[in-house]
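What follows is a short report on a single structure.
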Amino acid sequence: MVPQSVKIVVAGGFGTGKTTLVGSVSEIPPLTTEEVLTEASVGVDDLAGVEGKTSTTVALDFGRITISPRIVLYLFGTPGQDRFWFMWDELASGAIGAIVLVDTRRLQTSFPAIDFFERRHIPFVVAINAFHGALEYEVEEVRQALKLSEKVPIVVCDARQRESGKLALIQLVHHAMSRLPAKAAPIG
Amino acid sequence: MTEQQGDEWFDADAGRLVRLYALTGGRTRPTNHQLDIATQVVTIRAALDRIDFEPEHLRILELCRRPFSIAEIAAYLSVPLVVAKVQVSDLVDSRAVMIGPPVQDTAAADRDLLQSVLDGLHAL
Numbered sequence: 000m001v002p003q004s005v006k007i008v009v010a011g012g013f014g015t016g017k018t019t020l021v022g023s024v025s026e027i028p029p030l031t032t033e034e035v036l037t038e039a040s041v042g043v044d045d046l047a048g049v050e051g052k053t054s055t056t057v058a059l060d061f062g063r064i065t066i067s068p069r070i071v072l073y074l075f076g077t078p079g080q081d082r083f084w085f086m087w088d089e090l091a092s093g094a095i096g097a098i099v100l101v102d103t104r105r106l107q108t109s110f111p112a113i114d115f116f117e118r119r120h121i122p123f124v125v126a127i128n129a130f131h132g133a134l135e136y137e138v139e140e141v142r143q144a145l146k147l148s149e150k151v152p153i154v155v156c157d158a159r160q161r162e163s164g165k166l167a168l169i170q171l172v173h174h175a176m177s178r179l180p181a182k183a184a185p186i187g
Numbered sequence: 000m001t002e003q004q005g006d007e008w009f010d011a012d013a014g015r016l017v018r019l020y021a022l023t024g025g026r027t028r029p030t031n032h033q034l035d036i037a038t039q040v041v042t043i044r045a046a047l048d049r050i051d052f053e054p055e056h057l058r059i060l061e062l063c064r065r066p067f068s069i070a071e072i073a074a075y076l077s078v079p080l081v082v083a084k085v086q087v088s089d090l091v092d093s094r095a096v097m098i099g100p101p102v103q104d105t106a107a108a109d110r111d112l113l114q115s116v117l118d119g120l121h122a123l
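Residue numbers (numbering that gives the first Met the number 0), protein chains in the order written: chain A, 0 to 187; chain B, 0 to 123.
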């Protein structure tokens with residue numbers, strides 16, 4: 000039997016600790032792969048004569064957690080640059096949801112990621128990466144600053160700590176489950 | 000032929016010495032549209048006895064004696080994701096590999112799947 004894959008996206012602005020989080024919970028050292036986008040790859044299948052076309056390479060970090068012999072979880076870090084939205088769509092497609100990392104010193108760098116998941120109704124939790132020690136702001140202050148709905152969980156984590164990253168993942172899966180249509184009540 | 004096969008076409012300074020699309024016959028889209036970057040790929044044992052594969056396909060068949068995702072195939076074989084997808088799609092068409100269920104699932108199946116993921120994470 001071929002295992003089922005599930006995905007979780009790890010997003011956030013540059014320098015918020017995405018690769019660190021992926022690395023701390025992954026069972027393998029994070030892998031890097033790349034996607035190549037050429038002008039011609041939009042809507043055209045035949046690349047004959049592609050020599051003159053420009054291409055862009057997007058690097059992607061990811062990790063793996065074997066949940067069971069049947070299920071493998073992949074954690075994909077989003078490419079930092081906002082212009083690679085096409086890649087975000089592929090990462091988010093069919094994903095359980097996303098962890099959006101924020102650095103309280105640079106909240107604004109995580110706005111685009113929050114906006115992306117809100118618009119697509121993809122479940123996400125915000126994880127304040129408190130790797131600098133004490134949390135400088137109250138969680139509710141961060142919620143206000145990010146204009147986050149009450150429904151979006153906020154967790155405080157240290158992306159370097161496996162246990163901490165694991166808790167953020169657990170929060171996200173809980174949150175994703177809470178958004179599923181309610182199960183029919185058992186009879187009796 | 001050595002286990003280094005393929006590496007002579009990679010130069011540390013210049014990068015890849017073969018145009019990527021030479022590896023996919025010029026195609027940029029897999030024929031199998033269900034393939035996600037996380038889709039699992041496993042080699043069908045009998046395929047390893049066949050001799051009608053290109054070297055780049057053989058590398059995938061060797062790697063996927065145990066299941067790996069498209070993303071892992073791309074990372075371990077140092078090819079872009081699109082190349083890995085096209086090649087895996089070829090192998091699906093020629094019945095040399097099996098692929099796992101699509102990542103997108105119906106909402107009904109999701110609850111059990113998510114519960115399993117949750118249990119697995121707790122057990123880590």
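Every residue gets a Cβ at the ideal spot worked out from N, C-alpha and C, and that includes glycine.
- Cβ proximity to chain B below 7 Å picks out Lys165, Leu168, Ile169 from the region 136-169 of chain A.
- With respect to the C-alpha of leucine 34 of chain B, the residue from B/Val91, B/Thr23, B/His56 having the closest C-alpha is B/Val91.
- Taking a contact to require three or more Cβ pairs closer than 8 Å, the region 107-119 of chain B and the region 170-183 of chain A qualify as touching.
- Under DSSP, valine 96 of chain B shares a beta bridge with B/Thr42.
- The C-beta of serine 148 of chain A has fewer than 16 other C-beta atoms within 10 Å across all chains shown, which makes the residue exposed.
- In terms of CA proximity to isoleucine 36 of chain B, A/Leu59 leads the group A/Gly11, A/Ile27, A/Lys150, A/Leu59.
- Taking C-beta atoms as the reference points, valine 24 of chain A and lysine 165 of chain A count as a pair closer than 8 Å.
- Using a 10 angstroms sphere on the CB of methionine 0 of chain A, the tally of other CB atoms stays under 16, which defines it as exposed.
- For glycine 14 of chain A, no alpha helix (DSSP H) segment is defined, and its DSSP state is neither H nor E.
- With fewer than 16 other Cβ atoms inside 10 Å of its own Cβ, arginine 118 of chain A counts as exposed.
- Chain-order list of chain B residues neighbouring glutamate 34 of chain A: Ile36, Ala73, Pro79, Leu80, Val81, by C-beta distance under 9 Å.
- Among the residues facing chain A, alanine 70 of chain B is included, as its CB has a counterpart in that chain under 8 Å away.
- DSSP places leucine 123 of chain B in no alpha helix (DSSP H); its state is neither H nor E.
- Around the beta carbon of arginine 64 of chain B, a 10 Å sphere encloses fewer than 16 other beta carbons of the protein chains shown; the residue is thus reported as exposed.
- Taking each of A/Gly11, A/Lys17, A/Thr65 in turn and checking the Cα distance to glutamine 160 of chain A, the smallest one comes out for A/Lys17.
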